Amino acid sequence: MIFSHLSLRVLGLSLSCALVSEAVETPSLSALPQLRIVGGPYLQAPSPTGMTLVWTTNNKCVSRVEYGPSADDMPHVAVSARHGLIDANTTLHRIALRGLRPGTSYAYRVISTEILDFKPYKVRFGPSVRAEGRFTTLDPEKPTSSFCVLTDRHDRAPALRQALGSVQWDGVDLVFGVGDVMNDPMTEQQIFQNFLDPCTEFFAGRIPLVFVRGNHETRGALARDLMDYFPTASGRYYYTFHHGGVCFLLLDGGEDKADTSDEYSGLVAFDDYIREQTEWLERELRSAAFREARFRVCLLHIPPVVPQERQPDKFIRAPWIRDNWSPMLSKAGIDLMISGHTHRYAELPANEERAFPIVVGGTNTVIRVDVSPERLRLTTFNDDGTVLSRPPEALRKR
Ligand SMILES: [Fe+2]
């Protein structure tokens, strides 16, 4: 999905007055329930110069984001528009802020104005709802940083809430969901209730949530719409970005079985997708930005290890990644891979075949990585906040 964007001073703006000025609260003649924000806002697609806000309302709206240095000073307005049309008459709102300054704190206010009636030549607006927050843009030069990783939560909201309630959030700049954080997504309600709502309650309105797709997120009726809820700057599930001296390399292993497997009903084409991704990866690993990063951390749901109980002729993806991507990543000097998928926490040191260590998150773990100029320090927590492991320094490649 392509976004265009407007970032404008409120004053002097001749954009539709219905957008920029507060809509007059008019009584609805319809039987619509009172307008509410029902999901989010949560932060997506973080970069040194951008951030995307996503939220949902119970009734159809048009939306905007006001932002600036403080809650009392938000001179900028952003909307989302495609093909010349501002997104409107929708309950899912997704607005990218661009042109921001790196490592800078911004206050934001999301505002949705109800559309009571949408006629070709007259649109009737209703009341507005709003929510406020604050975020900090990424900073590739930041000397110290921290990030957390969730894996394989599989719709278990109570355990997720316990885990998120146990995190010491001070200093956490990013949270990654490295696959199967949802379970075979079927409906918007499912992904909010089981994943996005807990994330929003604890962090996602102020700390960006970075989604790395797992195999279970390719299944279910909503799988083809997930980018609407987890937008990325590239429009792809695989990309790189930089923060705190780390180049984060996000890869998407797709499904774990062959495209022809009965389970997929002839509706997947991961062979082509993986091939295209591999071509992109070859180019990316050669880029100066990647090679010159202080640390290189790969996030990939399916790790390049093959559990004994899984027949490699059926579960083809893990051996394929082991034989194809793993050598490329070894050669490129990856410092650490964080994965999930096996549902068993594991620390796998580098070996003769693979020049980088892997930490595999479990179903009830939160991996925290504290980045300093000298090292990546890992701590893995159980959902109750107790320390499961502090992997030794030797786990790191350098
Ligand atoms: Fe998985």
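Numbering (the working numbering) for the sequence shown: 1303 to 1700. Glycine included, C-beta positions come from ideal geometry on N, C-alpha and C. Model, not experiment: these values are computed from the prediction.
If you look at Phe-1437, you'll find it isn't in any alpha helix (DSSP H); it sits in the beta strand (DSSP E) that goes 1425-1438. Residue environment for Pro-1377: exposed (fewer than 16 other C-beta atoms within 10 angstroms of its C-beta). Annotated three-state conformation of Lys-1362 is strand, per DSSP.
Taking a contact to require three or more Cβ pairs closer than 8 Å, the region 1586-1595 and the region 1529-1549 qualify as touching.
Counting only the Cα atoms, Asn-1360 lies some 8 Å from Pro-1335. Using a cutoff of 7 Å, the CB of Asn-1517 counts as near ligand 1, since one of the ligand's heavy atoms is closer than that. Taking 7 Å as the cut-off, the C-beta of Gly-1642 counts as close to a heavy atom of ligand 1. Here Ser-1382 is near Ile-1397, since their CB atoms are less than 8 Å apart.
Counting along the chain, the unbroken alpha helix (DSSP H) around Arg-1585 starts and ends at 1572-1588. Gly-1642 and His-1603 have their C-alpha atoms roughly 5 Å apart.
Taking a 10 Å sphere around the C-beta of Glu-1368, we find 16 or more other C-beta atoms and assign the residue as buried. Beyond the five residues adjoining it in sequence on each side, Ala-1648 comes within less than 6 Å, by CB distance, of Val-1662 in the same chain, given in chain order.
Between Gly-1555 and Phe-1513, the C-beta gap is not smaller than 8 Å, which leaves the two residues out of contact. His-1518 is positioned such that its CB atom lies no closer than 8 Å to that of Met-1488. Taking 8 Å as the cut-off, the Cβ atoms of His-1385 and Ser-1365 do not count as close. For the set Ala-1523, Gln-1470, Lys-1362, Leu-1650, the Cα lying nearest the Cα of Arg-1426 is the one of Lys-1362. A Cβ-Cβ distance of about 5 Å is found for the pair Ser-1448 and Val-1474, placing them in contact under the 8 Å criterion. Bounds of any beta strand (DSSP E) do not take in Asp-1637, whose DSSP letter is neither H nor E.
In the three-state reduction of the DSSP assignment, Asp-1530 falls in the helix class, which pools H, G and I. Nearest in C-alpha terms to Ile-1509, of all of Ile-1417, Lys-1424, Leu-1466, is Leu-1466. About 16 Å separates the beta carbons of Asn-1391 and Ile-1413, which is beyond the 8 Å limit, so they are not a contact pair. Annotated three-state conformation of Pro-1694 is coil, per DSSP. Straight-line spacing of the CA atoms in Ala-1433 and Asp-1686 works out to 30 Å. For Met-1353, the pairing in a beta bridge is given by DSSP as Leu-1399. Per DSSP, Ile-1623 is not a residue of any beta strand (DSSP E); the alpha helix (DSSP H) it occupies stretches across 1619-1625. The beta carbon of Tyr-1539 lies closer than 6 Å to those of Arg-1515, Asp-1554 in the same chain, with the five residues before and after it left out.
Residue state for Ile-1669 is assigned as strand, using DSSP reduced to three classes. Going by DSSP, Glu-1655 is part of no alpha helix (DSSP H) at all; its letter is neither H nor E. Not a single heavy atom of ligand 1 lies less than 7 Å from the C-beta of Asp-1686. The residues Leu-1355, Val-1356, Trp-1357, Leu-1498, Cys-1501, Thr-1502, Ala-1506, Gly-1507, Leu-1511, in chain order, have a CB closer than 8 Å to that of Tyr-1344 in the same chain once the five nearest residues on each side in sequence are set aside.
Taking non-hydrogen atoms of ligand 1 into account, the C-beta of Asp-1482 is found less than 7 Å away from one of them. Taking 3 residues as the minimum length, the beta strand (DSSP E) runs contained wholly in the region 1462-1512 are 1474-1480, in order along the chain. By the criterion of a C-beta distance shorter than 7 Å, Ser-1632 is surrounded in its chain by Arg-1656, Ala-1657, Phe-1658, once the five residues flanking it on both sides are discounted. Going by DSSP, Tyr-1410 is part of the beta strand (DSSP E) stretching over 1407-1420.
Counting along the chain, Leu-1334 sits inside no beta strand (DSSP E), nor does DSSP assign it H or E at all. Residues of the same chain with a CB within less than 7 Å of the CB of Pro-1693, apart from the 5 flanking positions on each side, are Glu-1649, Val-1661, Leu-1680 in chain order.
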